[in-house]
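Below you'll find the structure, written out as structure tokens, and then a few comments.
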Amino acid sequence: MVRADRLRFDFAHPKPVSAKELAAVEAEVNAVIRRNSDVSTRLMAYEAAVEAGAMALFGEKYSDEVRVLSMGADQSSPDSGSGAYSVELCGGTHVNRLGDIGLFKIISEGAVASGVRRIEALVGEAARLYLLDEENYLKLAANSLKVTPAEVPERVLMLADQVKKLERDLAQARKALAMGGASGAKGPEIETLGAVQFIGQVLQGINPRDLRGLADDHKKKLGSGVVALIAVNEDKAAVLVGVTDDLMDRLSAVDLVRAGAMAVGGKGGGGRPDMAQAGGPDGGKADQAMTAIRQAILDASSVHGELESLSGGTHA
Numbered sequence: 001m002v003r004a005d006r007l008r009f010d011f012a013h014p015k016p017v018s019a020k021e022l023a024a025v026e027a028e029v030n031a032v033i034r035r036n037s038d039v040s041t042r043l044m045a046y047e048a049a050v051e052a053g054a055m056a057l058f059g060e061k062y063s064d065e066v067r068v069l070s071m072g073a074d075q076s077s078p079d080s081g082s083g084a085y086s087v088e089l090c091g092g093t094h095v096n097r098l099g100d101i102g103l104f105k106i107i108s109e110g111a112v113a114s115g116v117r118r119i120e121a122l123v124g125e126a127a128r129l130y131l132l133d134e135e136n137y138l139k140l141a142a143n144s145l146k147v148t149p150a151e152v153p154e155r156v157l158m159l160a161d162q163v164k165k166l167e168r169d170l171a172q173a174r175k176a177l178a179m180g181g182a183s184g185a186k187g188p189e190i191e192t193l194g195a196v197q198f199i200g201q202v203l204q205g206i207n208p209r210d211l212r213g214l215a216d217d218h219k220k221k222l223g224s225g226v227v228a229l230i231a232v233n234e235d236k237a238a239v240l241v242g243v244t245d246d247l248m249d250r251l252s253a254v255d256l257v258r259a260g261a262m263a264v265g266g267k268g269g270g271g272r273p274d275m276a277q278a279g280g281p282d283g284g285k286a287d288q289a290m291t292a293i294r295q296a297i298l299d300a301s302s303v304h305g306e307l308e309s310l311s312g313g314t315h316a
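Structure representation (structure tokens):
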């Protein structure tokens with residue numbers, strides 16, 4: 001696509017074009033524009049034009065007689081006047097001199113298909129207005145940060161580091177609160193479900209990625225038992241269940257987490273018999289999910305107890 005103010009160009013390339021390569025392309029195009037060479041137009045036979053080195057672009061169909069455009073001096077000898085920087089077959093309208101383009105600015109590069117990349121660029125007044133907008137955005141950011149435009153990148157990186165540190169501190173504080181490590185706070189209560197010790201917690205704002213470490217800590221505290229943690233974030237629930245090794249012959253974390261996931265609108269759940277995780281879209285039903293996990297433990301314990309009783313009776 002070629003218009004008076006912008007262009008779009010697709011080309012074969014196996015990987016993204018780096019920022020350094022794009023800058024080199026942009027610099028070369030603008031250097032040729034600044035030479036302000038004449039653009040010459042000739043009508044030639046198609047085969048003769050191609051043999052002379054003209055490029056036939058975009059897979060277009062050409063008639064027997066074609067329009068051949070020669071633009072710019074040869075880059076290797078720009079002052080010699082011999083040769084041309086670009087010779088193409090084209091039927092479109094073009095400038096009389098390359099300097100009429102004014103300015104060339106690449107605004108995007110990306111993939112459009114496997115092995116095909118796309119560059120989009122602006123020229124002339126459109127390019128100038130684009131750069132003006134970019135400058136205004138930079139000034140707004142600088143004013144908000146109370147720094148000069150040149151200091152914006154350093155300040156943004158500093159703020160990003162501060163945000164990451166605060167997020168880590170907040171995650172650690174929430175974890176400490178969940179474990180009962182905060183001042184005056186109590187740890188989660190240990191329940192007894194049948195003959196199984198159980199810790200169950202619904203945690204608001206805890207990152208689901210932190211549940212596994214928290215569950216491991218609770219399992220160590222229990223020694224023997226089951227841990228169920230449900231993290232609620234933006235109305236979504238992440239459910240994790242951990243089972244100590246000594247109970248895996250009668251309880252599976254996968255089965256228990258599925259019971260919890262169903263209550264919050266989730267399906268399935270994956271992991272190992274000692275640790276499994278699932279999720280669901282209805283965080284408002286986290287308490288119901290915890291109840292479902294408790295019931296699943298009681299049901300499994302009851303079945304196990306009956307089997308032991310039957311086994312004992314048979315041996316007797």
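Take the sequence shown: its letter number 26 is residue 26 in the UniProt record's numbering, and every next letter is one higher.
Just so you know, even glycine gets a beta-carbon here, dropped at the ideal spot from N, CA and C.
Just so it is clear, the structure is predicted and the values come from calculations on it, not from any experiment.
Since residue i and residue j are thought to touch, with beta carbons under 8 Å apart, how far apart are those beta carbons, to the nearest angstrom?
i: D216; j: G284; result: Actually they do not touch by this definition, with Cβ atoms about 28 Å apart.
i: A278; j: G260; result: 7 Å
i: L203; j: L240; result: Incorrect: roughly 10 Å between the Cβ atoms, too far for contact.
i: L122; j: I107; result: 6 Å
i: G242; j: M290; result: Incorrect: roughly 14 Å between the Cβ atoms, too far for contact.
i: A54; j: V87; result: 5 Å
i: V254; j: A286; result: Not really, about 19 Å apart at Cβ, beyond 8 Å.
Just verifying my parser: in three-state terms, what is the DSSP assignment at residue i?
i: T244; result: coil
i: L251; result: coil
i: G283; result: helix
i: I293; result: helix
i: D216; result: helix
i: E234; result: coil
i: S144; result: helix
i: A150; result: helix
i: M1; result: coil
i: V202; result: strand
i: E167; result: helix
i: D269; result: Just to set this straight, residue 269 is Gly in the shown sequence, not Asp. Three-state result, G269: coil.
i: A195; result: coil
i: S63; result: coil
i: G223; result: coil
i: V156; result: helix
i: P208; result: helix
i: V257; result: helix
Cutting at 7 Å between CB atoms, please list the residues of its own chain near residue i, excluding the five before and the five after it.
i: V95; result: V39 and I101
i: F11; result: R117
i: T148; result: A142
i: G205; result: R174 and N233
i: C90; result: R67 and L69
Which residues in the same chain as residue i place their Cβ atom closer than 6 Å to its Cβ, once the five residues preceding and following it in sequence are excluded?
i: S183; result: Caution applies to S183, whose pLDDT of 48 falls short of 50 and renders its modelled position unreliable; the value that the coordinates give is listed next. The answer is none, since no qualifying residue turns up.
i: A127; result: L103 and K105
i: L145; result: R155
i: H13; result: R117
i: S252; result: P273
i: R42; result: V68
i: E65; result: L43
i: L129; result: none
i: V257; result: V239, V241, G269, A276 and A278
So, is the C-beta of residue i closer than 9 Å to a C-beta in chain B?
i: E191; result: Looking for chain B here will not work: only one protein chain is present.
Closer than 8 Å by C-beta to residue i: which residues in its own chain qualify, once you throw out the five before and the five after it? Chain order, please.
i: E125; result: D5 and G102
i: I199; result: P188, E189, I190, E191, H218, K221, L222, G225, V226, V227 and A228
i: I33; result: L98, G99, I101, G102, L103 and F104
i: Y137; result: none
Tell me, please, which residues DSSP counts as bridged to residue i.
i: L69; result: T41 and E88
i: L229; result: Q201 and L240
i: A278; result: V239
inquiry  = Threshold first: 3 residues or longer. Then list the beta strand (DSSP E) segments lying entirely within the region 75-141, N to C.
reply    = 86-89, 104-113 and 116-123
Complete runs of the beta strand (DSSP E) confined to the region 7-59 [at least 3 residues] = If we require 3 residues or more, the beta strand (DSSP E) runs fully inside the region 7-59 come out as 39-45.
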